[in-house]
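Below is one structure, written out as structure tokens, with a few remarks after it.
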Amino acid sequence: MTYIVNDACIACKYTDCVEVCPVDCFYEGENMLVIHPDECIDCGVCEPECPADAIRPDTEPDMEKWVEFNRKYSEMWPVIITKKDPLPEAEERDGEAGKLEKYFSEKPGEGG
1 MTYIVNDACI
11 ACKYTDCVEV
21 CPVDCFYEGE
31 NMLVIHPDEC
41 IDCGVCEPEC
51 PADAIRPDTE
61 PDMEKWVEFN
71 RKYSEMWPVI
81 ITKKDPLPEA
91 EERDGEAGKL
101 EKYFSEKPGE
111 GG
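The sequence shown maps to residues 1 to 112 in full-length UniProt numbering.
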């Protein structure tokens, strides 16, 4: 099992999760985070930290696409280990449907 970040993170990018991760397996895109599935040790401490409920175990139904999504972008984006402010539109975008199609950016974040 591993944990993944899904589209609930897009346009919010809360980073509470990165502070508690013992193995630094979060990677930062311009407007979301991902988890490297091969680096995640399945401890689960990040899941309750996410205000947007964007971190889910890969054992839930239909998670295969998110495992591959997280793998792809974790290999392209910089690691993030420091908590940062969420995106300015986080509160209004939290819980919005269709964020992958509307807002996702492949651009890397700053990391750090």
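Every residue gets a Cβ at the ideal spot worked out from N, C-alpha and C, and that includes glycine.
query: Who does Glu47 pair with in a DSSP beta bridge?; result: None; Glu47 has no bridge partner.
query: Taking the CB atoms as reference points, tell me whether Pro37 and Thr2 lie closer together than 8 Å.; result: yes
query: Using the beta-carbon count (16 or more within 10 Å), is Leu100 buried or exposed?; result: exposed
query: Beta-carbon within less than 6 Å of Ala90's beta-carbon, same chain only, minus the 5 sequence neighbours each way: which residues are those?; result: Cys12
query: Can you tell me which residues form a DSSP beta bridge with Ile4?; result: Arg56
query: Determine the direct distance from the alpha carbon of Tyr103 to that of Tyr96, and round the result to whole angstroms.; result: It is worth fixing the name first, because residue 96 is Glu in this sequence and not Tyr. Approximately 11 Å between the Cα atoms of the pair.
query: Between which two residues does the alpha helix (DSSP H) carrying Glu64 extend?; result: 64-74
query: Since Gly26 sits in a beta bridge, which residues does DSSP pair it with?; result: Correcting the residue identity first, residue 26 is Phe in this sequence and not Gly. Paired residue(s): Ile35.
query: What are the boundary residues of the alpha helix (DSSP H) that includes Val18?; result: 16-20
query: Within the same chain, show all residues whose beta-carbon is closer than 8 Å to that of Asp16, passing over the 5 residues directly before and after it, in chain order.; result: Glu49, Cys50, Pro51, Lys83
query: Can you round the beta-carbon distance between Asn6 and Arg56 to whole angstroms, since I take them to be within the 8 Å contact cut?; result: 6 Å
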